[in-house]
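A.B. asks: For the first sequence, the UniProt record's numbering begins at 1 and goes up steadily by one.
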Amino acid sequence: MKSRRPSCTDSGSVSSEVDPQSPEKYETSTKRRMAANARERKRMEGLNTAFDRLRKVVPQWGEDKTLSKYETLQMALSYILALNRILTDPRRHNAPQRQWRDLQLDCVQPENYACLRRYDSPAEQDYISSFSYQFDGHQLHA
DNA sequence: TAGGCCATCTGGTCCT
DNA sequence: AGGACCAGATGGCCTA
Numbered sequence: 001m002k003s004r005r006p007s008c009t010d011s012g013s014v015s016s017e018v019d020p021q022s023p024e025k026y027e028t029s030t031k032r033r034m035a036a037n038a039r040e041r042k043r044m045e046g047l048n049t050a051f052d053r054l055r056k057v058v059p060q061w062g063e064d065k066t067l068s069k070y071e072t073l074q075m076a077l078s079y080i081l082a083l084n085r086i087l088t089d090p091r092r093h094n095a096p097q098r099q100w101r102d103l104q105l106d107c108v109q110p111e112n113y114a115c116l117r118r119y120d121s122p123a124e125q126d127y128i129s130s131f132s133y134q135f136d137g138h139q140l141h142a
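1. Under 8 Å between the Cβ atoms of MET75 and PRO90?
2. Could you round the C-beta distance between ARG55 and THR72 to whole angstroms and report it? I think they count as a contact, below 8 Å.
3. Looking at the structure shown, is LYS65 part of a helix, part of a strand, or coil, going by DSSP?
4. Just to confirm the assignment, what range does the alpha helix (DSSP H) spanning SER22 have?
5. Please state the DSSP three-state secondary structure of residue 149.
6. Taking just the CA atoms, how far does GLU45 sit from GLU27?
7. Taking only three categories from DSSP, how would you classify GLN60?
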């Protein structure tokens, strides 16, 4: 993970509500704020770890393209609906020999991805066109 | 250079 | 009181 900005709070900038006449209060408040910042960084780190784990289990566009957080959530939603569809699809029982992978690709609808970004390369177009199944009764809300 | 994405800081709110 | 969570603000990095 890249560290963007050197922490200004870690150097001790704390705000306005502090009484300049009371160094002890100022120090206490500064320490509290720094601790809160550290906790927040830790919390966001956990959140980003969760996003990374999610990215590993949803379909990716390619090794060189990392899904943004928003894209990851949209992809996860669509993927879950697709898997749910697979589990409830009656064709599953009629054609047990069908390859799981084929059905999986078949069950993700392209319009769920179209809003995410533009895909210009032939490889990406091919990948998108493989998601051809139309849901009935499932509606995604943007 | 503008726009998208992101990390970080910060203050507010809620909960224990 | 202190921690967790959240949303707004800010500024850096990257790409078209």
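Backbone N, C-alpha and C define an ideal beta-carbon position, used for all residues, glycine too.
C.D. replies: On the basis of the data shown:
1. no
2. Right, their Cβ atoms sit about 5 Å apart.
3. For LYS65, the secondary structure class from DSSP, reduced to helix, strand or coil, is coil.
4. Note, SER22: premise wrong, no alpha helix (DSSP H); not H, not E.
5. What the structure shows of the chain is the stretch from 1 to 142, and residue 149 is not part of that stretch, so it cannot be assessed.
6. 27 Å
7. coil
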